Amino acid sequence: MGSTRHSTANTAAPGFEIRIPGWFRKDYVRLAAFALIAASLVWKGSLFARGYFFGDDFNFVARASEQGFGFDYLTSSYGPKLLPVGFAVAWVVTRLGVYDWTLAWAALLALQAATSFAVYRMLRTIFGARAGIVLPLAFYLFTPLTLPGLLWWAAGLESVPLQLAIALALTSHVLWVRTGRLPHAVAACCWLVLGFASYFLKAAVAIPLLALLVTLAYEGGRPALRHAVPLWTAYAAVFIPCAVLYAARADTSDQPVVVPPLDDSLLFLGRLLGRTYPSVAVGGPGGWLGGLADPTALVQVVAVALLLGFALFTIVRRPGAWRAWAILVAYLVLVDYLPVLLGRGTFELQALEPRYLADAALATALCAAFATLTDTGERAAIGRLAPVVGLLTGAFLVASFLSGETYAGGFEAQRVKAETYMNTARATLAALPPTTDLYPQRLPTDVLVYAGVGEANLSTHILSPLAPPALRERMRHPRPSATPKMLDPQGRLTGFHVCCGYIVPDQGTRCFPASGGAITIAFGSSGDPEVGGFHYLDGVAGTATVQVGDVAFDVPIGAGDGSAYFPLEEKGSALVVKPNPPLTQLCVNAAVLGAAGPSS
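Numbering-wise, this note's numbering comes out as the position in the sequence shown, counting from 1, plus 1295.
In structure tokens, the structure reads:
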């Protein structure tokens, strides 16, 4: 009797298997780059999760909630800036979830992921699949230069798409210079448009400058530049209409462009590029004062010494490396210093804000790569210097991690307050009847910090997106009311009071005098967001017409004693009250004008 043998290999239960492509497993540079990118995203995501909307973030959400997705919304100015890409992202995120921080930071982190891969592709395209590109990539991924401009959502919507456009545009430009293929030229022009739509003022200088300098210094010099005349002509054709649109739509009335005096300009230069840039670039600054870099003198000296020492070392080893550092200096001055100086140069402390230097991380990584990877002999050099490189890289990563933790931790308590307030306000508004009269109010300073003045800091703008549709419209267009309401500092419903212009009749007079059926009260309105009102005695149910300046509107009058309040944004020197019908007697015994606030 025979026997049958069964192969266990053929009878094993099928299992789930992930096959990694051989080209990926054999490409250790790609594997290392992807691992670094993944680690950086995990790190930045952990910092994001501890944050919340801040400052201009509220304005971005409110604008997206108030306006439809169209040309006017996308090209409306935000001071001297046009930010169509950032506005588009804000609009989509807001439509998916109003003040949903998880959704907001996930969208921005996805943009950062795309940018990180684009920077890797740029380095690999220019320098090839060489181990040396891993270090400049790691610098870009982990330097704290990018954190303040990333973790602040509104700033990230400006800076991250710009960095993405720079990396993609430069990659396509270099590919066209090398191959002359039309698709690369078309792609370069498209990425240029993306840059203009991300942050016109910086992209208009950054992308052409890097493309020009890289072509002259490393991609064939003047012959290559002459060969690229058709591409530069295409760039000009793209630039001109974008510049015309920017000039037509930008508004500098709130943020005027001013050239500061020479001593102020030099002070700003020293602080931005001599203090903030070096200390933050190498992993610092070691200390933060809110969002401002606050390095000690020792950190500043060490940072400058490290950067200068590295630059001199590369120049000694490769004489042509000076061109890379010249490119970086030109970039820092023309892209990151001059535009900020013209808009912020009169506020010297803003030279300590690293968010203005976020794109410099990409330029620094690129120039460092040019200074060290312009020939194929770096492998031996890296092998000899491996202990030093490893030590410095480890120190940089540790310092960057600590710096990021300190930066995020410095805002954590304030952002917990803001999130608690907004969540309470959301619940309060959801429970209110749609006929509730919620009057405009300035939100607590520990919520918005510095979202702006006027409309940008009012509940009608910031909180209305949280309300149901009917109440939302009533908040944005508040009506005269006898019993207006507000939210208290915790976001709960309360009454209100007006501070501080209280007006009463002359002593011994019960009511303000009427003439021709109208009561006129001296009433100095500045046109700022205010609340006006008056108290009356023995009223007859009906209405009265109130006029301030050239604006008139009706207010309800109840029977007996009562009050009538109304939002006021018109200039005027008098309050005129006319009962309806005109012959009706109305005794107004007090009037008030001022800033409204919660009663508790």
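Even for Gly, the Cβ is constructed at its ideal location relative to N, Cα and C. Remember, predicted model here, so these are calculated numbers, not experimental data.
In this structure, residue 1372 sits near residue 1545, with a CB-CB distance shorter than 8 Å. Distance between residue 1552 and residue 1637, taken at the CA atoms: about 5 Å. By the 16-neighbour rule on beta-carbons within 10 angstroms, residue 1723 is buried. In the three-state reduction of the DSSP assignment, residue 1589 falls in the coil class, being assigned neither a helical nor a strand state. One Cα belongs to residue 1336, the other to residue 1437, and the distance between them is close to 10 Å. About 13 Å separates the beta carbon of residue 1834 from that of residue 1814, a gap too long to meet the 8 Å contact definition. With respect to the 8 Å criterion, residue 1588 and residue 1634 are not classified as neighbours on the basis of their beta carbons. Less than 8 Å separates the beta-carbon of residue 1576 from that of residue 1602.
Here DSSP, grouped into helix, strand and coil, assigns residue 1699 to helix.
A direct Cα-Cα distance of roughly 51 Å separates residue 1581 from residue 1819. Excluding the 5 residues flanking it on each side, residue 1369 has same chain C-beta neighbours closer than 7 Å at 1379, 1382 and 1383, in chain order. If you compare the alpha carbons of 1557, 1880 and 1531 with that of residue 1836, the shortest gap goes to 1880. In this model, residue 1349 and residue 1498 are separated by some 25 Å (Cα to Cα).
In this chain, the beta strand (DSSP E) harbouring residue 1849 covers 1846-1852. Only residues of its own chain outside the window of five on either side were considered, and among them 1343, 1384, 1445, 1448, 1451, 1452 and 1455 have a CB closer than 8 Å to the CB of residue 1403, listed in chain order. Per the Cβ contact rule, the stretch 1486-1498 is in contact with the stretch 1459-1467 (3 or more Cβ pairs under 8 Å). Counting along the chain, the unbroken beta strand (DSSP E) around residue 1891 starts and ends at 1882-1893. Sequence-distant Cβ neighbours of residue 1630 in its own chain, meaning closer than 6 Å and more than five residues away, are 1497, 1500 and 1501. Burial check for residue 1621: the Cβ neighbour count within 10 Å stays below 16, so the residue is exposed. For residue 1752, there is no enclosing alpha helix (DSSP H), as DSSP marks it with neither H nor E. By the Cβ-count criterion, residue 1757 is buried, with 16 or more other Cβ atoms from all chains shown falling within 10 Å of its own Cβ. In the structure shown, residue 1864 falls within a coil segment according to DSSP collapsed to helix, strand and coil.
Exclusion of the five residues before and after residue 1529 leaves 1480 and 1484 as the residues of its chain whose Cβ lies within less than 7 Å of its Cβ.
A Cβ-Cβ distance of about 11 Å is found for the pair residue 1627 and residue 1571, leaving them out of contact under the 8 Å criterion. The shortest CA-to-CA distance from residue 1779 to any of 1859, 1392 and 1817 is the one to 1859. DSSP places residue 1468 in no beta strand (DSSP E) but in the uninterrupted alpha helix (DSSP H) bounded by 1448-1474.
If you compare the alpha carbons of 1360, 1477, 1574 and 1784 with that of residue 1737, the shortest gap goes to 1784.
Within the DSSP secondary-structure output, residue 1831 pairs in a beta bridge with 1857 and 1883. Annotation: residue 1524 to residue 1537 spans about 20 Å, alpha carbon to alpha carbon. Its chain contains 1398, 1399 and 1402 as the residues whose beta carbon lies nearer than 7 Å to that of residue 1388, once the 5 sequence neighbours on both sides are disregarded; these appear in chain order.
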